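**Student:** There's a structure below that I have some questions on.
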Amino acid sequence: MKNQNMKPLAKATATAVGAAFLATAAISSPAFAAENPFQADELRSGYNLAGHHAEGKCGEGKCGEGKAESEGKCGEGKCGEGKAESEGKCGEGKCGESKSDSEGKCGEGKCGGAA
Amino acid sequence: MIQKAQSYPVQGAGLGLRRALCGPLSSVTPEQVQFMEVAPENWIDVGGRYGAAFREYTEKFPFVLHGLSLSIGSPSALDWDLLKAIKAFMAEHAIHCYTEHLSYCSDTGHLYDLMPIPFTEEAVDYVAERILQIQDFLGQSIAMENASYYAAPHQEMSEIDFTNAVLEKADCKLLLDVNNIYVNSINHRYDPLEFLKALPGERIAYGHIAGHYDEAEDLRVDTHGSDVIDPVWALLDAAYEQFGAFPTLLERDFNIPPVDELLKEVEQITVRQAKYAGQKTLAEKLA
Numbered sequence: 367m368k369n370q371n372m373k374p375l376a377k378a379t380a381t382a383v384g385a386a387f388l389a390t391a392a393i394s395s396p397a398f399a400a401e402n403p404f405q406a407d408e409l410r411s412g413y414n415l416a417g418h419h420a421e422g423k424c425g426e427g428k429c430g431e432g433k434a435e436s437e438g439k440c441g442e443g444k445c446g447e448g449k450a451e452s453e454g455k456c457g458e459g460k461c462g463e464s465k466s467d468s469e470g471k472c473g474e475g476k477c478g479g480a481a
Numbered sequence: 015m016i017q018k019a020q021s022y023p024v025q026g027a028g029l030g031l032r033r034a035l036c037g038p039l040s041s042v043t044p045e046q047v048q049f050m051e052v053a054p055e056n057w058i059d060v061g062g063r064y065g066a067a068f069r070e071y072t073e074k075f076p077f078v079l080h081g082l083s084l085s086i087g088s089p090s091a092l093d094w095d096l097l098k099a100i101k102a103f104m105a106e107h108a109i110h111c112y113t114e115h116l117s118y119c120s121d122t123g124h125l126y127d128l129m130p131i132p133f134t135e136e137a138v139d140y141v142a143e144r145i146l147q148i149q150d151f152l153g154q155s156i157a158m159e160n161a162s163y164y165a166a167p168h169q170e171m172s173e174i175d176f177t178n179a180v181l182e183k184a185d186c187k188l189l190l191d192v193n194n195i196y197v198n199s200i201n202h203r204y205d206p207l208e209f210l211k212a213l214p215g216e217r218i219a220y221g222h223i224a225g226h227y228d229e230a231e232d233l234r235v236d237t238h239g240s241d242v243i244d245p246v247w248a249l250l251d252a253a254y255e256q257f258g259a260f261p262t263l264l265e266r267d268f269n270i271p272p273v274d275e276l277l278k279e280v281e282q283i284t285v286r287q288a289k290y291a292g293q294k295t296l297a298e299k300l301a
């Protein structure tokens, strides 16, 4: 039976499987990247942050389980330390030792010593 | 040596296995990662390709279980169905160590977060009694993790006194989470080294290390979503210096980097363990 609507889906699946094999070329296991959309989310011991925090931008939906291997989307540049810190109002990257004199960004009440 | 060498359920440096890591980690060897850990809730009754993959991993690596939903501090009765399933799961995969959090996550329903148990004498008795029941049922000691917390309701005693009282009364093991000490020490303003040194080293089963999120200068969140930072590595050094190089596992729940980067962090554990392996611990020096 021919069903026009099935075509894009079949194509998308083939692409996903292809990508999975590319990403895991040296691996004998099945293509885990082709996720079952109906499976339950994993429980995690780490605290879940909601909304505008790091996870909102780089959480599971984008960078978690299904796409752990897709560096381009979830590499350090986007989700790693650099960003996590810069997002904070007074994170180490801005207000730590090396820049303790930058009062403009990290006023007295917030950044200790030098301010 | 005067002191008896401590026996641990696993050895070396470990890495938490997540579904997303099943593919990427499949060529990793036990020389690189000496043990793995999973949450039983995520793997019990899982069949198909993940079930098959898990079997491959448990045949290749020593495993520990790190539970998430036992809810040791909950007002509700213990979840005996879960405990039965865990016991069977441990037998099925030859896993000899089960750990949980010193927290709770449910009452009549599940909250999907680890909530703080009030630091009270009453709670010590209550929690210790439940741990004893679990150990009796499983026929072995379990290890409890010093959990991260963001509020301390009805606090009558310090976190360290509460933690030690529970471990002592339940005569159970400790899962020493170094990142949690760091995070809690900032959020609740105490000295992480003092906390660390007050822990009963002889009860350590293994340790955890992880990255966290800087919400603010005075608020850190235990997310397991970024790399381990230097002050937390330094605290692990201090822990090894104090208690010896106990087995330690890296937890990474999301923003998972490529495997080679993860393995570099695992290797950092190994390097530190090697550094402290031949040394006398502080406790031994003082004895």
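Note that the protein sequences, when read in sequence, are chains A and B. Going by our numbering, the first sequence opens with residue 367, and the numbers climb by one from there. Going by our numbering, the second sequence opens with residue 15, and the numbers climb by one from there. We treat Cβ as the ideally placed atom computed from N, Cα and C, and that holds for glycine. No experiment lies behind these values; they were computed from the predicted model shown.
Go ahead and pull the three-state DSSP assignment for K423(A).
**Tutor:** Position 57 of the first sequence, counted from the start, is the residue given in the question as residue 423(A). Low confidence applies here, because K423(A) scores a pLDDT of 41, under 50, leaving its location unreliable; read the following figure in that light. K423(A): helix per DSSP, three-state reduction.
**Student:** I need the DSSP call for I131(B), collapsed to helix, strand or coil.
**Tutor:** The residue given as residue 131(B) occupies position 117 in the second sequence. I131(B): coil per DSSP, three-state reduction.
**Student:** Against chain A, does D236(B) count as a neighbour if the rule is that its beta carbon must be under 9 Å from one of theirs?
**Tutor:** Here the question's residue 236(B) lines up with position 222 in the second sequence. Yes - at least one Cβ of chain A is within 9 Å of the one on D236(B).
**Student:** Give the residues of chain A in contact with N198(B), contact being defined as C-beta atoms less than 7 Å apart.
**Tutor:** Sequence index remark: in the second sequence, residue 198(B) carries index 184 (1-based). Here the premise fails: no neighbours, minimum Cβ distance about 12 Å.
**Student:** Are the C-beta of D95(B) and some C-beta of chain A separated by less than 9 Å?
**Tutor:** Here residue 95(B) refers to the residue found at position 81 when the second sequence is read from its first residue. No, no contact with chain A.
**Student:** Residues in the region 46-59 of chain B with C-beta within 7 Å of chain A's C-beta atoms, listed in sequence order?
**Tutor:** Going along the region 46-59 of chain B in chain order, one finds A53, E55 and N56 with a Cβ nearer than 7 Å to chain A.
**Student:** Indicate whether H115(B) and E159(B) have their beta-carbon atoms separated by less than 9 Å.
**Tutor:** For the purposes of this step, residue 115(B) is identified with residue 101 of the second sequence, where counting begins at 1. For the purposes of this step, residue 159(B) is identified with residue 145 of the second sequence, where counting begins at 1. Result yes, Cβ atoms of H115(B) and E159(B) sit closer than 9 Å.
**Student:** Take every Cβ of the region 192-202 of chain B, pair it with every Cβ of the region 232-248 of chain B, and state whether three or more of those distances are shorter than 8 Å.
**Tutor:** Touching, yes, given that three or more Cβ pairs across the two stretches are closer than 8 Å.
**Student:** When you compare the CB of H3(B) with every CB in chain A, is at least one pair closer than 9 Å?
**Tutor:** Residue 3(B) is absent from the model: chain B starts at 15 and stops at 301.
**Student:** Measure the C-alpha to C-alpha separation of S240(B) and I223(B) and round it to an integer number of angstroms.
**Tutor:** Counting from one through the second sequence, the residue named residue 240(B) turns up at place 226. Counting from one through the second sequence, the residue named residue 223(B) turns up at place 209. In a straight line, the C-alpha of S240(B) is about 11 Å away from that of I223(B).
**Student:** How would you call F260(B), buried or exposed, if buried means at least 16 neighbouring beta carbons within 10 angstroms?
**Tutor:** Counting from 1 along the second sequence, the entry for residue 260(B) is found at position 246. Per the 10 Å Cβ criterion, buried.
**Student:** Do L276(B) and L84(B) have their C-beta atoms closer together than 9 Å?
**Tutor:** Translated into the one-based positions of the second sequence, residue 276(B) becomes position 262. Translated into the one-based positions of the second sequence, residue 84(B) becomes position 70. Taking 9 Å as the Cβ cut-off, L276(B) and L84(B) do not qualify as a contacting pair.
**Student:** Kindly indicate which residue of I283(B), A105(B), K187(B) and A230(B) has the alpha-carbon position closest to the one of V242(B).
**Tutor:** On the second sequence, position 228 is the one that residue 242(B) refers to. Of I283(B), A105(B), K187(B) and A230(B), the residue nearest in Cα terms is I283(B).
**Student:** Under 8 Å Cβ-Cβ, which residues of chain A neighbour E265(B)?
**Tutor:** In the second sequence, the residue the question calls residue 265(B) occupies position 251. Correct list: S411 and G412.
**Student:** Report the option in N269(B), I270(B), L264(B) and A291(B) whose CA atom is closest to the CA atom of E281(B).
**Tutor:** In the second sequence, counting from the first residue as 1, residue 281(B) sits at position 267. E281(B) has its Cα closest to that of L264(B), out of N269(B), I270(B), L264(B) and A291(B).
**Student:** Closest to A297(B) by C-alpha separation, out of N269(B), D274(B), Q287(B) and A212(B), would be which residue?
**Tutor:** Sequence index remark: in the second sequence, residue 297(B) carries index 283 (1-based). Of N269(B), D274(B), Q287(B) and A212(B), the residue nearest in Cα terms is A212(B).
**Student:** Is there a Cβ from chain A that is less than 9 Å from the Cβ of S90(B)?
**Tutor:** Start at 1 with the first residue of the second sequence, and residue 90(B) comes out as number 76. Cβ-Cβ to chain A under 9 Å: no for S90(B).
**Student:** Where DSSP assigns a beta bridge to E265(B), which residues make up the other side?
**Tutor:** On the second sequence, position 251 is the one that residue 265(B) refers to. Bridge partners of E265(B): A224(B).
**Student:** So, with DSSP's three-state summary, where would you put A230(B)?
**Tutor:** The residue you call residue 230(B) lines up with position 216 of the second sequence. Strand at A230(B).
**Student:** Leaving out five residues on either side along the sequence, give the residues of the same chain with a beta carbon under 6 Å from the beta carbon of H110(B).
**Tutor:** In the second sequence, counting from the first residue as 1, residue 110(B) sits at position 96. Closer than 6 Å at Cβ, skipping near neighbours: P23.
**Student:** Just to confirm the assignment, what range does the beta strand (DSSP E) spanning T177(B) have?
**Tutor:** Looking up residue 177(B) in the second sequence gives position 163. Run containing T177(B): none in the beta strand (DSSP E); it sits in the alpha helix (DSSP H), E173 to A184.
**Student:** Could you check whether L31(B) and E55(B) sit closer than 9 Å to each other, using their CB atoms as the reference points?
**Tutor:** Position 41 of the second sequence, counting from 1, holds the residue named residue 55(B). Position 17 of the second sequence, counting from 1, holds the residue named residue 31(B). No, they are not a contact pair.
**Student:** If you measure from the beta carbon of G258(B) to each beta carbon in chain A, is any gap under 9 Å?
**Tutor:** For the purposes of this step, residue 258(B) is identified with residue 244 of the second sequence, where counting begins at 1. Not closer than 9 Å to any Cβ of chain A, the Cβ of G258(B) fails to qualify, so no.
**Student:** Starting from L300(B), find everything on chain A with Cβ-Cβ shorter than 9 Å and list it in chain order.
**Tutor:** Residue 300(B) sits at position 286 when you count from the first residue of the second sequence. The contacting residues do not exist; L300(B) stays about 32 Å from chain A at best.
**Student:** Sorted by chain position, which residues of the same chain lie with C-beta nearer than 6 Å to A10(B)'s C-beta, five sequence neighbours on each side aside?
**Tutor:** A question about residue 10(B) goes unanswered here, because the residues of chain B that appear run from 15 up to 301.
**Student:** Within the continuous beta strand (DSSP E) that includes H115(B), where are the two ends?
**Tutor:** The residue you call residue 115(B) lines up with position 101 of the second sequence. Counting along the chain, the beta strand (DSSP E) containing H115(B) begins and ends at Y112 to H115.
**Student:** Cβ atoms of L79(B) and A53(B): under 9 Å apart, would you say?
**Tutor:** Looking up residue 53(B) in the second sequence gives position 39. Looking up residue 79(B) in the second sequence gives position 65. Contact: yes.
**Student:** For the beta strand (DSSP E) containing E159(B), list its first residue and its last residue.
**Tutor:** Looking up residue 159(B) in the second sequence gives position 145. Element bounds for E159(B): A157 to E159.
**Student:** Based on DSSP bridge pairs, tell me the residues matched to G30(B).
**Tutor:** By one-based count along the second sequence, residue 30(B) stands at place 16. The partner list for G30(B) (beta bridge, DSSP) reads E51(B).
**Student:** Is the region 99-109 of chain B close to the region 179-188 of chain B, with three or more CB pairs under 8 Å?
**Tutor:** No, they do not touch.
**Student:** Assuming L190(B) contacts A253(B) under a Cβ cut-off of 8 Å, what Cβ separation, rounded to an integer in Å, is found between them?
**Tutor:** As a first step, residue 190(B) must be located in the second sequence, where it is residue number 176. As a first step, residue 253(B) must be located in the second sequence, where it is residue number 239. Indeed, because the Cβ distance is near 7 Å, the residues count as touching under 8 Å.
**Student:** In three-state DSSP terms, what is F77(B)?
**Tutor:** Position 63 of the second sequence, counting from 1, holds the residue named residue 77(B). Strand at F77(B).
**Student:** At which residues does the alpha helix (DSSP H) containing D244(B) begin and terminate?
**Tutor:** In the second sequence, residue 244(B) corresponds to position 230, counting from 1. D244 to F257 is the extent of the alpha helix (DSSP H) around D244(B).
**Student:** Distance check for G215(B) and F151(B), CA to CA, integer angstroms please.
**Tutor:** Start at 1 with the first residue of the second sequence, and residue 151(B) comes out as number 137. Start at 1 with the first residue of the second sequence, and residue 215(B) comes out as number 201. Approximately 25 Å between the Cα atoms of the pair.
**Student:** I'd like to check one pair, A179(B) with E135(B): are the Cβ atoms closer than 9 Å?
**Tutor:** On the second sequence, residue 135(B) is found 121 positions in, with the first residue counted as 1. On the second sequence, residue 179(B) is found 165 positions in, with the first residue counted as 1. A contact, by the Cβ cut-off of 9 Å.
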